[in-house]
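Step one of this worksheet: look at the structure below.
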Amino acid sequence: MGTLTGRQKHTLWRIVLSALLLILARLLPQQPFSLLYYLVPYAVIGWDVLWGALGNILRGQVFDEHFLMALATIGALFTGEYAEAVFVMLFYQVGELFQSYAVGKSRRSIAALMDIRPEWANVEVSEGEWHQTDPEEVPVGACIVVKPGERVPLDGIVVEGASTLDTAALTGESAPRRAAVGDSVLSGCINQTGLLRLKVTRPYEESTVARILDLVEHASEKKSRSERFITRFARYYTPCVVAAAAALFAVPALLLALLPGEALPGFLAGTLWSDWLHRALIFLVISCPCALVISVPLSFFGGIGGAGRCGILVKGGNDLEALAHAETVVFDKTGTLTRGTFAVAAVHPAGEHLTPEALLEMAALAEQWSNHPIAHSLQAACPRPLDPGRVEQVQELAGHGVCALVDGRKVCVGNRRLMEEQNVTVPPCTLPGTLVYVTAEGRYAGYIVISDQLKPDAGEAIAQLKKLGIQRVVMLTGDSEEAAAATARQLLVDEYHAQLLPADKVALTEELLARKSAKGKVVFVGDGINDAPVLTRADIGIAMGVLGSDAAIEAADVVLMDDQPAKIGVAVGIARKTARIVRQNICFALGVKGIVLVLGALGSASMWAAVFADVGVAVLAILNAMRALHVPSDAAR
Amino acid sequence: MKKRFQMKDLECANCAAKMEAAICKLEGVHSATMSFMTQKLTIDADESQFDAIMDQVEAICRKIEPHCTVKR
Numbered sequence: 034m035g036t037l038t039g040r041q042k043h044t045l046w047r048i049v050l051s052a053l054l055l056i057l058a059r060l061l062p063q064q065p066f067s068l069l070y071y072l073v074p075y076a077v078i079g080w081d082v083l084w085g086a087l088g089n090i091l092r093g094q095v096f097d098e099h100f101l102m103a104l105a106t107i108g109a110l111f112t113g114e115y116a117e118a119v120f121v122m123l124f125y126q127v128g129e130l131f132q133s134y135a136v137g138k139s140r141r142s143i144a145a146l147m148d149i150r151p152e153w154a155n156v157e158v159s160e161g162e163w164h165q166t167d168p169e170e171v172p173v174g175a176c177i178v179v180k181p182g183e184r185v186p187l188d189g190i191v192v193e194g195a196s197t198l199d200t201a202a203l204t205g206e207s208a209p210r211r212a213a214v215g216d217s218v219l220s221g222c223i224n225q226t227g228l229l230r231l232k233v234t235r236p237y238e239e240s241t242v243a244r245i246l247d248l249v250e251h252a253s254e255k256k257s258r259s260e261r262f263i264t265r266f267a268r269y270y271t272p273c274v275v276a277a278a279a280a281l282f283a284v285p286a287l288l289l290a291l292l293p294g295e296a297l298p299g300f301l302a303g304t305l306w307s308d309w310l311h312r313a314l315i316f317l318v319i320s321c322p323c324a325l326v327i328s329v330p331l332s333f334f335g336g337i338g339g340a341g342r343c344g345i346l347v348k349g350g351n352d353l354e355a356l357a358h359a360e361t362v363v364f365d366k367t368g369t370l371t372r373g374t375f376a377v378a379a380v381h382p383a384g385e386h387l388t389p390e391a392l393l394e395m396a397a398l399a400e401q402w403s404n405h406p407i408a409h410s411l412q413a414a415c416p417r418p419l420d421p422g423r424v425e426q427v428q429e430l431a432g433h434g435v436c437a438l439v440d441g442r443k444v445c446v447g448n449r450r451l452m453e454e455q456n457v458t459v460p461p462c463t464l465p466g467t468l469v470y471v472t473a474e475g476r477y478a479g480y481i482v483i484s485d486q487l488k489p490d491a492g493e494a495i496a497q498l499k500k501l502g503i504q505r506v507v508m509l510t511g512d513s514e515e516a517a518a519a520t521a522r523q524l525l526v527d528e529y530h531a532q533l534l535p536a537d538k539v540a541l542t543e544e545l546l547a548r549k550s551a552k553g554k555v556v557f558v559g560d561g562i563n564d565a566p567v568l569t570r571a572d573i574g575i576a577m578g579v580l581g582s583d584a585a586i587e588a589a590d591v592v593l594m595d596d597q598p599a600k601i602g603v604a605v606g607i608a609r610k611t612a613r614i615v616r617q618n619i620c621f622a623l624g625v626k627g628i629v630l631v632l633g634a635l636g637s638a639s640m641w642a643a644v645f646a647d648v649g650v651a652v653l654a655i656l657n658a659m660r661a662l663h664v665p666s667d668a669a670r
Numbered sequence: 008m009k010k011r012f013q014m015k016d017l018e019c020a021n022c023a024a025k026m027e028a029a030i031c032k033l034e035g036v037h038s039a040t041m042s043f044m045t046q047k048l049t050i051d052a053d054e055s056q057f058d059a060i061m062d063q064v065e066a067i068c069r070k071i072e073p074h075c076t077v078k079r
């Protein structure tokens, strides 16, 4: 218990002292003045509660828990239940202490989890000389030095040196990642072995670290439906129970006073007004809703923290809650299920007059400025460096391809749809992969086959989702029917749709949203810029990590820091576990409170049972909620 | 205008919920969330009235939890 704050330690001492005094009071011979023995431990443990209650009455806050506790215990003292009064107060303080300890602990463990904020950056001033600067003040393009053991402060590209990086804080991945000249490095990683010189590519506010911290800090603002329900419930619960307590005392007391003994109804016969007061006090002890109110956000907070440890950033409690009800999972193919690194597999020029190299070079030149993975692979396949001066008037047609003037000739590079639009007939092709057609001056010039590789864990990811009971796994892609069919067969997805434009993806998602059951949720997993509208439209949008686009991360509800599709199953698992814990807590707390209320009204529950229903339930609910933070370590792989 | 504040000594979850409900009802406040777990208050309110609103917010917090303060 070395992590208690001063205030908590103080309370702990008071609890111990008061407990000892209570035992002493029980051991002393009972006599008419024994109330005094009990008032000492009562004052030790309860003075601040009484004082707080008094202040609250003066400020007009009646349904405050201090007030309720004060009322219940003073009432118990009046009915002669001295030991019970002290015990109730004692237990109340134990519960409060435990609660504040548990909340503090889970706050700290999440803070430690997200302790990725860099403190300084070594900015190079001249060769071999640098000084420590606040990362926020380092401009883009500056050269920084990251020594072994230091945290990479800003996103950048390695200009000198080679090392391995520990990315566990970002991705949950424990295997170190290599970094060499030309590699981009993310802030938040820890440099393990060698000295790295980086050129800063983004200012601190836009860096990976700043974005993650921002997401995490905002996570508790988006409250879950369960949390809203429980706070609303609490708002009515306390006044109702207090009113019931008042009625439980006042009505029988009045009847007992007014009616003659033989006219009393059965349940009143043989009871005294003080019995009813005692029962009413039991109600007051149970009327505090704090256990419920705290256990729900604590569970979600823990669940979000546990997910964060696996490199899964959930933007809010509501998103985690929705994820637990995932029914349909829709994957974008490229970059999500596949690596998104295309390689040219075949080049087929249309006639004799064009060599494969010339066709490839023409296509690569036209795609020169495009960021699409296909463009990168075309460029990578060209043996000679490309001269950007040969390209003019580049026009990107989203979902179709690119048109540009290459060496003064109009060249279009794109999919079958682009060809159809230009009224160019193309020969059929059965090769698996993505077909890129090329036209020159409006005439068909040939096609290039580009194939993509599946991610190693794509099959496992889908099998895992099926095992979790996800009803339908759908794959959407802008790719050709052939390429999509081949992937779909390999991965055993239930349904696929090929040759889609971004707008088609939105339309199909809407259709899936309409088809799902009332409580089920549609999850969309994607990474590209084109996915942002779908990410927003789906119940839950999952963006594939830091490698995805900023727009997609902005639009998504869940961000996977690495790009392993298998993490989706992990995320659903964590969401379900959290939802289960929340449900258990709500049912358990309401159930126990309900039973004790009924038994209390009937006169068969003691003050001890009431204390258990209040503090005991709070402690158990909090312990249960803290389970949400623990993620099986193999899930983090 | 949206602003976030760190709360100090916010000790009871139910009180945090009560404060949130009361702050949301203030005039000029579009939305407010009080996170007990992160001890943060996020207020989206009219810029012109912001300071006056924050004075009211402080009064509400003091009323519900006397030793609780908003760091401004």
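These protein sequence lines are chains A and B, in that order. Residue 77 in the working numbering sits at position 44 of the first sequence, with consecutive numbering throughout. Residue 48 in the working numbering sits at position 41 of the second sequence, with consecutive numbering throughout. For glycine and all other residues, C-beta sits at the position ideal for the given N, C-alpha and C. Small disclaimer: the values here were computed from a predicted structure and weren't measured.
Under the Cβ criterion of 8 Å, ARG92(A) is counted among the residues facing chain B. Burial is judged here by how many other beta carbons sit within 10 angstroms of a residue's own beta carbon; ALA290(A) has fewer than 16 and is exposed. By the Cβ rule, the stretch 143-156 of chain A does not count as touching the stretch 104-123 of chain A, because fewer than three pairs are nearer than 8 Å. Assignment of alpha helix (DSSP H) within the stretch 352-403 of chain A, counting only whole runs of 4 or more residues, yields 389-399 in chain order. Listed by position along chain B, the residues whose Cβ is nearer than 9 Å to that of ARG258(A) form an empty set, because the closest Cβ is around 14 Å away. If you check the CB distance, VAL644(A) and PHE124(A) come in under 8 Å. At a cut-off of 8 Å, the C-beta of CYS19(B) has a neighbouring C-beta in chain A. Here SER142(A) carries a helix assignment [DSSP, helix/strand/coil]. Taking CB atoms only, ILE30(B) has no neighbour in chain A less than 8 Å away.
Taken through DSSP and simplified to helix, strand or coil, MET508(A) comes out as strand. Residue-level contact check: ALA24(B) touches chain A, since one or more beta carbons of chain A fall below 8 Å from its beta carbon. Collapsing the DSSP output to three states places GLU117(A) in a helix. Membership of THR271(A) in the alpha helix (DSSP H) is indicated by the continuous run 258-291. The C-alpha of ILE495(A) lies about 18 Å from the C-alpha of ASP485(A). Inside the stretch 397-469 of chain A, DSSP marks whole alpha helix (DSSP H) runs of 4 or more residues at positions 406-414 and 449-454, from first to last along the chain. Boundaries of the alpha helix (DSSP H) harbouring VAL77(A): 67-91, taken from the DSSP string. The beta carbon of GLN504(A) is closer than 7 Å to those of GLU360 and THR361 in its chain, skipping five residues each way along the sequence. When Cβ pairs closer than 8 Å are counted between the two stretches, the stretch 643-658 of chain A is seen to touch the stretch 316-325 of chain A, the count reaching three or more.
With its beta carbon less than 8 Å from one in chain A, THR45(B) belongs to the interface. Looking at the backbone, the Cα of SER332(A) and that of ARG660(A) are separated by about 8 Å. Residue burial annotation: PRO322(A) is buried, with at least 16 other C-beta atoms found within 10 angstroms of its C-beta.
Straight-line spacing of the CA atoms in ASP97(A) and ALA589(A) works out to 40 Å. Per DSSP, reduced to three states, the secondary structure at ALA39(B) is strand. Sorting GLN126(A), PHE557(A) and THR388(A) by C-alpha distance to the C-alpha of LEU545(A) places PHE557(A) at the top.
Among the residues of chain B, none has a CB under 9 Å from the CB of SER332(A); the nearest is roughly 10 Å distant. Restricting attention to HIS358(A), ALA431(A), VAL439(A) and GLY189(A), the CA atom closest to the CA of LYS549(A) is found in HIS358(A). By the criterion of a C-beta distance shorter than 6 Å, ALA571(A) is surrounded in its chain by THR542, VAL555 and PHE557, once the five residues flanking it on both sides are discounted. The beta carbon of VAL127(A) lies closer than 7 Å to those of ILE48 and VAL648 in the same chain, with the five residues before and after it left out. Runs of the alpha helix (DSSP H) lying entirely within the stretch 148-175 of chain A and spanning at least 4 residues: none are present. In the same chain as ILE67(B), and ignoring 5 residues on each side of it, the C-beta atoms closer than 7 Å to its own belong to MET26, ALA29 and ILE30, in chain order.
The stretch 179-193 of chain A makes contact with the stretch 213-228 of chain A; the number of CB pairs closer than 8 Å reaches 3 or more.
For PHE621(A), the enclosing alpha helix (DSSP H) begins and ends at 600-635.
Within 7 Å of the CB of THR264(A), the CB atoms of chain B belong to ALA24, in sequence order along the chain.
CYS22(B) has its alpha-carbon roughly 7 Å from the corresponding atom of GLU72(B). Taking each of VAL603(A), ARG609(A), VAL233(A) and ASP560(A) in turn and checking the Cα distance to ALA585(A), the smallest one comes out for ASP560(A). Straight through space, the alpha carbons of GLU385(A) and ALA397(A) are spaced by roughly 20 Å.
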